[in-house]
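All letters in the sequence shown, in the order written, are residues -18 to 372 by my numbering. We put the CB at the ideal spot given by N, CA and C, even for glycine. Some notes on the structure that comes next.
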Amino acid sequence: MTPLACRGVAVLLCAAATTAQNFRELTTVRTPTNPYASVFEVEAGGVGTKAIEENPATGLRDDISWDGHLYYSNAAFGSRRGKLDAYVGRDGLFASYLDKKLIGADTDTRIELRGRPWVFYRDGAYDGSKFGARGLFDGADYEAYLGFGKDSGQGLYVDLGPYYKRLSFDRSRLTRSSPPELAYTIPEDFAAYGGRLYIEQNAVQLDRRSGMPRDGFLLTLVGEREWNNSKSTFGLATTRNELPDAVYRANGRIEWYVPATDSMTWEIFAEGGMADRRDRLVAMDGSRALGNQWADAQLRLRIQLGNSWTLSPYVQGQFSRLPGDSRLNSQKKFFLGGGVESYLHFNEVFSLHGYYSFLNNESRESIRVDEDVHGQHMFYLGVVIRFTGRR
């Protein structure tokens, strides 16, 4: 292979690291590091889960389902040369348009539409390593956000704006309906609105040869104030709850890269959040660690094997604080695990993507969209098709 061809294959590693997206990252990060002017990515594969001890009544069981996403990004879209992003995946739907000329050359105008058609809520508590469910039910939420962003210099970016969203809820086959003392009442649909502030520091440096993140960090902090028109109560007959009229929330995300050798890079990926202890629906969201306070961190070692293969073993830690009926009986839990993720690139278009992970938490994200199915072990294998336009 010629030196030029080797360099071209090496740049593929950058595509795997910087264009592989998920819903939570897209809705949080304001200034992602992307070396391409445009990207169209299709990923499809199979995802599975295996429980240490199956309990179908709470969704804890062995199963295999589909997974994947469609992702499109264009940094010079249309006659106004705005930035367009669109994503469709098992974890959510997202579309964003960024215009740098509507207000002025120094202010970005951002219009975002996002939705999660498949949300699984888990109301319960842990007994040792066992998660005891009081109530399990389904939901969906859709949101529109109008943001105004400004680069304050030295990689610091601030984005502020209002949002409006609708939330709906449904019973599932896992929702208890009898006996009467154990029957679970789900929330009624409601609307919410508020304001959100993003503060982001992007100091990521890309490797000149491979184009992959090599050094530096990307830190995003998000704060919001939300009001809602919910008037219903939900829960068991003995522990009924009602949402407060207004709440504060805060969450954050960091990715940090530290070079080890020419072919190895340490990666720290962490995210977390905190909310009012009365904000109980947020605490029941099964797409992440449960609780009104939560954190999830991975320490990874990205190993570049030749020009077409990356292998990233990692260890993982998770913290979950579940609100109780009073400030005295909230519950703190810590979970440990690990796994490995890998990309194998065949050419500039086709790649294989796979991972295996274990976390000793019975409440992991669901692998299905039609019902809540999860387990401590998760594994995935899929094909990535990617078309890019160079800057």
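When the five nearest sequence neighbours on each side are left out, the beta carbons in the same chain lying within less than 7 Å of the beta carbon of T8 are those of F75, R95, in order along the chain. At the C-beta level, E252 and R230 stay beyond 8 Å of one another. The three-state reading of DSSP puts E6 in helix, counting H, G and I together.
Here the region 294 to 303 makes no contact with the region 122 to 137; the two share fewer than three CB pairs at distances below 8 Å. For the pair L148 and D119, the CB atoms are not nearer than the 8 Å cut-off. As DSSP reads the structure, D132 sits in a beta bridge with Y138.
Here F4 is not near D48, since their CB atoms are 8 Å or more apart. Counting C-beta atoms within 10 angstroms of its own C-beta, G267 has 16 or more neighbours from the protein chains shown and is therefore classed as buried. When only Cα atoms are considered, G175 and G63 end up about 26 Å apart.
Using a Cβ distance threshold of 8 Å, L155 and D351 do not count as a contacting pair.
Excluding five sequence positions before and after V203, the CB atoms of its chain that fall closer than 6 Å to its own CB belong to Y179, N232, given in chain order.
Around the CB of P160, fewer than 16 other CB atoms lie within 10 Å, so the residue is classed as exposed. Annotation for G113: G105, A106, Y107 place their beta carbon closer than 8 Å to its own, counting only its chain and skipping 5 residues before and after. Taken in chain order, the complete beta strand (DSSP E) segments of 3 residues or longer contained in the region 306 to 332 are 312 to 326.
Rounded to the nearest angstrom, the gap between the Cα atoms of Y78 and G59 is 11 Å. When DSSP states are grouped into helix, strand and coil, P143 belongs to the strand group. Distance from the CA of A264 to the CA of D89, rounded to the nearest whole angstrom, comes to 33 Å. Exposed is the label assigned to S158, since fewer than 16 other Cβ atoms lie within 10 Å of its Cβ. Contact between F215 and T246 fails: their C-beta atoms lie close to 46 Å from each other, not under 8 Å. With a cutoff of 8 Å on beta-carbon distance, A270 and D260 are scored as not near each other. The Cβ atoms of Y337 and G356 do not sit closer than 8 Å to each other. When rounded, the separation of the alpha-carbon atoms in T369 and E22 is 8 Å.
Taken through DSSP and simplified to helix, strand or coil, V23 comes out as strand. For K81 and A18, the gap between their C-alpha atoms comes out near 16 Å.
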